[in-house]
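Report on the structure given below.
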Amino acid sequence: MFLREPEHLTETRAAWDAFAGRYAERFRDEFAAKVWDRALLSGWAELAGGVVALAFQVGDETLVRENITFRRRRPEHVAGLLTAAGLTMVLTSVREPSVHPGLTEAVPQAYLVARRP
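Position one of the sequence shown corresponds to residue 54 (the working numbering), numbered consecutively onward.
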C-alpha cells in the first residue's frame, strides 16, 4: 500500500521546482545586508540532530506569486504545533520588516527553533 502525498504539497513542490532558478538569482545576495538573519542562520548551523529550524513571514494572509502559494503564519501558532508534536522550543524570535537594496519587506520575519526533548 502506498501513502499519497497531500495535493497541496505536490503542487507546492512543482511550483518551487519551476521557480527555483529565478528565485536563486533574485535573492543571491539576500543576506549581504541582513546582519540578524546571518547571525541566526550561523547559530542554527551549529545545532545538530533532531532540530527543526523555521523562518517565515508573520501574518495571516495567503498570497500567490509565480504560481506558488505563500502562507504567512503567527509564530505562537507554529510554536504550538511544534510543541504539540512533542518538540521543545529553543528559540522564538521576530524581527521587524526592514529595507534592503532591491527589497523592502512588508511584514515582520519570524524564526523558530525546536528540538527533540
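Glycine included, every Cβ here is placed at the ideal spot set by N, Cα and C.
Counting along the chain, the unbroken beta strand (DSSP E) around residue 165 starts and ends at 162 to 168.
Taking a contact as a CB-CB distance under 8 Å, the pair residue 143 and residue 167 counts as one, their CB atoms being some 6 Å apart. In the structure shown, the three-state DSSP call for residue 56 is coil.
The stretch 86 to 151 contains, as complete beta strand (DSSP E) runs of 3+ residues, the segments 104 to 110, 115 to 118, 121 to 124, 141 to 148 (chain order). Counting other Cβ atoms within 10 Å of its Cβ, residue 163 reaches 16 or more and is therefore classed as buried. Apart from sequence neighbours up to five positions away, the residues of its chain that approach residue 151 with a beta-carbon distance below 7 Å are 158, ordered along the chain.
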